Amino acid sequence: MQLDTSARPSIAGPNASGLGTSIKAGSGKSFDRKNRLLFYNRFFKLACIASAVFVCLILFGILFLMFRTGVLTFRDVSPMTFFFSTDWSPEKDRYGAFVFIFGTFALTLLTLLISVPLSVIIAVFLAEVAPTWLRNLLRPVLDLLVGIPSVVYGFLGLTILIPLLRDITGTNMGDGILAAAIVLTIMVLPTISRVSDDAISAVPRKYRDASYALGATRFQTIFKVTIPAARSGILYGVILGMARAIGETMAVVMVIGNTPQLADALFKPTSVLTSNIVMQIANVPFDSTWNNALYMMGFLLLVISLLMIVLVRLLQRKGAHS
Amino acid sequence: MKWFKSLSVAALAIALVSTSVSAVGAASSLKGKIVINGSSALLPLTLQAANEFKKLHPKVKISASAAGSITGPQSVRKGIADIGAVDWDASQDVPGFKKFEGQVAHKVAIIPFAAVVNKNVKVEDLTTKQLQDIFSGKVTNWKDVGGDDADIIVVNRAFGSGTRVNFQMKALQGTEFISKGNNYKEVKSSGDMKTAVETTPNSIGYMDLVYVTSNMKALKINKVAPTEANVVNGTYKVWGYGYYMTKGEPDGATKEFIEYIQSAKFQNGSLKKLKFIPISAIK
């Protein structure tokens, strides 16, 4: 096969077959280089599309499956009872999931209350204050923290944090929403602070220069200029952390006490959606209302995290515009 | 090289014939596939028995897994499993669970249970009445049962646990558990129960006797210490049978397997080594 590359200067624009400009003519055999490349190209394209479709199928498959089983709950339990009753005693056919829904939101909120200020301060320190050598040391350390399995956090919470809380506060057990929030805080801290760190580092230098030129102190610059400028990036980190906190199971189940009662105090054994599902799913009869109710709770969790991801996408778009 | 080729072919043929002959000669002709699901407490026993059984009958395939007691009889009902391992007799009604119609229960082991407390608790001995009062929430302070002035922390297994069903039937004689309170929590597994009781002062819980460690204290119940000897001589009452459930009377490989696990050889050998008590020990 002869290829005449010198006589053919590059042709503008991609050609229709998706091949380079160098191969225009085949040698006429049925499976020559041109046909082969065309075949590879087409095959690869198909493989890519198939993978993408596969991912979508899985997502919708999960959503559909959870919903299909979960919605059966409402054959036996009215939505009012399921969403607003606090009485969860499945062995007596009472399925009020409000305790868990409330617990999930209360836990997430408490986690964010503790973790967001801490993370932002860490991020400010990393991006603005720390000397370069310390920064280069701390960033990989935070990245490593993200990778620690949650069951390790849970175990440390159970064996170290809870006895500590008991000693400090003088409560009997130490289990409850505060213990869980502290464990979750340690878990989401690296996520939020690393994302915020990147956002703060990305604030243009001229903003700071302008602020200093106006006579602002470093403190004023950081809190009045840098952080507001990095706001959407920080928010992105917060939502990522929040999504992790809401879905976290193993760490929470070990320190929260797992008792279906409303979390109206910091030290009261309670339960959230994730912990209740994992506690009970192995022991429920198939095809029972109880089983369906647990699926419904899983579906709720799924919807909450999907909403958060949508929120993250919106924020990213907004960040890109500004 | 021709001689080498023919020689190797001949050797291969001889090897093939001899292995197949020896396999047939050594083992029975029993064939089949046994699927076992259910209780995690009984899984070590099932796995050990399956290994030994497969050596005797190489053509029988056994796959055993565990996902919690109640999944055993459920899998049998759905036809997913041939044997459902469960910590209570699922052919009878027990607190919280209806009986499974048409299933036959086969006793395979005796599992003793113990009420345990944290090491800081001074109480050594509780009566059945005191246990009932504590676990139903009527007595909430250790001083009412002869201990220090401190709140009792009740640690319970989640509903559906086989250990919970047995403890409720045998130690509490059916009394309902409390389900709420500031000093009450539930844990997911025997391992979590162990950690919770070991690390929580003034706590009380219960578990299989084999899980009891030196970092906690097993209580005497009605003045009888929870030991294997006391289970066997009939003075310690808090124990239950482990069961294999089958759909109707078993046949073929499943029947052989259950007979093997009930045989004196297995019961007095491997089963004892795994710290279960042979079913023949109690008449």
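Taken in order, these protein sequences are the chains called P and B. Residues in the first sequence are numbered from 1 upward in steps of one, following our numbering. Residues in the second sequence are numbered from 1001 upward in steps of one, following our numbering. Don't be surprised by glycine CBs; every beta carbon is placed ideally from N, CA and C. Quantities reported herein were computed from a predicted structural model and do not represent experimental measurements.
Check: Applying a beta-carbon distance threshold of less than 7 Å, which residues of chain B neighbour S85 of chain P?; Outcome: Those do not exist, as S85 of chain P stays about 14 Å from chain B at its closest Cβ, beyond 7 Å.
Check: Go through its chain and collect everything with a Cβ distance to L273 of chain P's Cβ below 7 Å, but skip five positions before and after it.; Outcome: F100, I101, T104, M297, L300 and L301
Check: Beta carbon of A1218 of chain B, beta carbon of A1114 of chain B: below 7 Å?; Outcome: yes
Check: Taking 8 Å as the threshold, find out whether the region 1103-1114 of chain B comes into contact with the region 1189-1201 of chain B through three or more Cβ pairs.; Outcome: no
Check: Label W1088 of chain B either buried or exposed according to how many other C-beta atoms from any shown protein chain fall within 10 Å of its C-beta, with 16 as the threshold for buried.; Outcome: buried
Check: Can you list the residues of chain P that K1194 of chain B reaches, using a CB-CB cut of under 7 Å?; Outcome: Simply none; closest approach about 11 Å.
Check: Is DSSP giving D1208 of chain B helix, strand or coil here?; Outcome: strand
Check: Leaving out the 5 sequence neighbours to the left and right, which residues in its chain are closer than 8 Å to G1242 of chain B when beta-carbon positions are compared?; Outcome: S1039, A1041, L1042, L1045, A1085, V1086, D1087, K1107, V1108, A1109, I1110, I1111 and F1276
Check: Can you tell me where the alpha helix (DSSP H) holding E1259 of chain B begins and where it ends?; Outcome: G1252 to Q1262
Check: Show which residues of chain P have a CB atom less than 9 Å away from the CB atom of I1258 of chain B.; Outcome: What I1258 of chain B touches in chain P: nothing, since even the nearest Cβ is about 24 Å away.
Check: Any C-beta of chain P within less than 8 Å: which residues of the region 1064-1076 of chain B qualify?; Outcome: A1067, G1068, S1069, I1070, T1071 and Q1074
Check: Considering A199 of chain P, what are the terminal residues of the alpha helix (DSSP H) in which it resides?; Outcome: I177 to S201
Check: Leaving out five residues on either side along the sequence, give the residues of the same chain with a beta carbon under 7 Å from the beta carbon of I222 of chain P.; Outcome: V124 and E128
Check: Using a beta-carbon distance below 7 Å, is F1159 of chain B in contact with chain P?; Outcome: yes
Check: Strictly below 9 Å CB to CB, what residues from chain B border L158 of chain P?; Outcome: D1192, T1195, A1196 and T1199
Check: Just to confirm before moving on: does the CB-CB distance between L1030 of chain B and A1281 of chain B stay below 7 Å?; Outcome: no
Check: Use the C-beta contact count for S1263 of chain B: other C-beta atoms within 10 angstroms, 16 or more gives buried, fewer gives exposed.; Outcome: exposed
Check: My understanding is that K1180 of chain B touches T259 of chain P, with C-beta atoms under 8 Å, so please give their C-beta distance in whole angstroms.; Outcome: 6 Å
Check: Along the chain, which unbroken stretches of the alpha helix (DSSP H) at least 4 residues long are found entirely within the region 112-151 of chain P?; Outcome: 132-146
Check: Give a yes or no on whether the C-beta atoms belonging to I192 of chain P and G147 of chain P are separated by under 7 Å.; Outcome: no
Check: Using beta carbons (cut-off 7 Å, strictly below), is V1145 of chain B in contact with chain P?; Outcome: no
Check: Cβ of D264 of chain P less than 7 Å from any chain B Cβ?; Outcome: no
Check: In chain P, which residues lie less than 8 Å from G1096 of chain B when you measure between Cβ atoms?; Outcome: E91
Check: Closest to L184 of chain P by C-alpha separation, out of P:M66, P:S119 and P:V141, would be which residue?; Outcome: P:S119
Check: Quick one: what does DSSP say G154 of chain P is sitting in, helix, strand or coil?; Outcome: helix
Check: Applying the 10 Å Cβ sphere with the 16-neighbour rule, what's the burial state of P1226 of chain B?; Outcome: buried
Check: Are N172 of chain P and I1153 of chain B touching if we call contact CB-CB under 7 Å?; Outcome: yes
Check: How about I1153 of chain B: is its C-beta nearer than 7 Å to some C-beta of chain A?; Outcome: Among the chains of the structure shown, chain A does not appear; the protein chains present are P and B.
Check: State the Cα-Cα distance for the pair G1025 of chain B and E1052 of chain B, rounded to the nearest angstrom.; Outcome: Because G1025 of chain B sits at a pLDDT of 42, beneath the cut-off of 50, its placement in the model cannot be relied upon, and the following sentence gives the value as read from the coordinates. Computed Cα separation, rounded: 18 Å.
Check: Just checking: is the beta-carbon of E1176 of chain B within a distance shorter than 7 Å of some beta-carbon in chain P?; Outcome: no
Check: Measure the C-alpha to C-alpha separation of I62 of chain P and M308 of chain P and round it to an integer number of angstroms.; Outcome: 17 Å
Check: Output the boundary residues of the alpha helix (DSSP H) element that contains I277 of chain P.; Outcome: L273 to Q280
Check: Per DSSP, D1151 of chain B forms a beta bridge with which residues?; Outcome: B:N1141
Check: Can you round the beta-carbon distance between T69 of chain P and Y95 of chain P to whole angstroms, since I take them to be within the 8 Å contact cut?; Outcome: Going by Cβ atoms, the distance from T69 of chain P to Y95 of chain P rounds to 14 Å, so no, they are not a contact pair.
Check: Would you please verify whether the beta carbon of K1122 of chain B is less than 7 Å from any beta carbon of chain P?; Outcome: no
Check: In or out: M80 of chain P buried (at least 16 other Cβ within 10 Å) or exposed?; Outcome: exposed
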